[in-house]
Amino acid sequence: MKNHNQPLLLRLGGDLGLLVHRDYRGLIYRSSIVKVSVHLRKAGDVAIADYVEMDPLSTVRATRIPNNSLGLVMLAMLAIPRGFVASYSDIAELLNMTPRLVGLFASRNPIPVIVPCHRVVNRDGTVGGYSAWARDGRGVKALLLSMERVRINGFKVDREHFMDPRELKDNFYRIYNYYHALISERNGHSEED
DNA sequence: GTACCGCTTTTAT
DNA sequence: ATAAAAGCGGTAC
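Per numbering that gives the first Met the number 0, the very first residue in the first sequence carries number 0; after that it's consecutive.
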């Protein structure tokens with residue numbers, strides 16, 4: 000098998016890049032945000048390419064998403080398209096959780112950017128926290144959003160970017176069903192149940 | 001079992 | 001504007 004064990008460096012824009020780790024099957028299980036210049040200085044031999052966002056179903060197929068509450072939150076975040084945001088409470092309502100709990104799971108998202116936890120913001124439009132970038136996480140979150148043409152005044156997202164909850168729900172169920180079909184397909188071939 | 005924590009939200013100064 | 005409590009499942013002890 001090819002260099003799947005080597006992380007891949009993908010340019011996000013500016014000096015921001017995404018380091019993507021894949022397992023022996025090629026499935027993405029972890030990513031981290033880095034400064035491209037800093038990373039190239041440290042390890043010049045990495046493969047590098049431009050980041051191109053996949054559609055949600057392809058992302059589900061290409062990544063490892065756990066079959067638990069964290070996985071549910073990850074699937075819900077995949078239901079937010081580029082250029083839009085949803086609030087922690089929107090996701091909470093969708094999944095029967097509390098907003099703070101959604102934030103807790105968002106902070107544990109192992110695959111930032113690819114699973115777009117930066118598209119979840121506070122109900123009042125303020126950007127909210129972001130732990131995928133240790134210092135000034137909010138700044139990076141705001142930067143990622145503005146790269147997606149989400150307009151931000153100060154640290155407040157314009158209301159026009161908020162998704163309709165019904166559309167969020169429709170997208171979520173489509174992705175959720177696909178995820179479970181994929182799981183039983185994978186289980187069905189390798190073991191019986 | 002208990003105690004604490006977190007990318008929030010709402011209410012009360 | 002700032003402070004605090006509520007709220008829940010996970011994690012650690």
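Ideal placement from N, C-alpha and C gives every residue a C-beta, glycine not left out.
As an exercise, report each continuous alpha helix (DSSP H) stretch of at least 4 residues that is fully enclosed by the stretch 97-171, in chain order.
98-106 and 136-146
Check whether the stretch 73-93 touches the stretch 23-41, taking contact to mean three or more Cβ pairs, one atom from each stretch, closer than 8 Å.
no
If you compare alpha carbons, which of Arg185, Tyr175, Thr62 and His20 is closest to Ile47?
His20
Closest residue to Leu7 among Gly13, Asp44 and Asp14 (Cα-Cα distance):
Asp44
Which runs of the beta strand (DSSP E), 3 residues or longer, sit entirely within the stretch 29-65?
46-49
What did DSSP end up calling Gly13 once you bin it into helix, strand or coil?
coil
Locate the alpha helix (DSSP H) running through Val72, then write down its first and last residues.
Ser68 to Leu77
Collapsed DSSP secondary structure at Arg21 in the structure displayed:
strand
What do you reckon, are the CB atoms on Tyr129 and Arg137 nearer than 8 Å?
yes
Decide if the stretch 169-186 is in contact with the stretch 105-118; the criterion is three or more beta carbon pairs, one per stretch, under 8 Å apart.
no
In terms of alpha-carbon separation, which member of Tyr50, Asn170, Arg24 and Leu94 lies closest to Ile32?
Tyr50
Comparing the CB of Asp54 with every heavy atom of the ligand MG, is any distance shorter than 7 Å?
Because no ligand of any kind appears in the structure shown, any question about the ligand MG cannot be addressed here.
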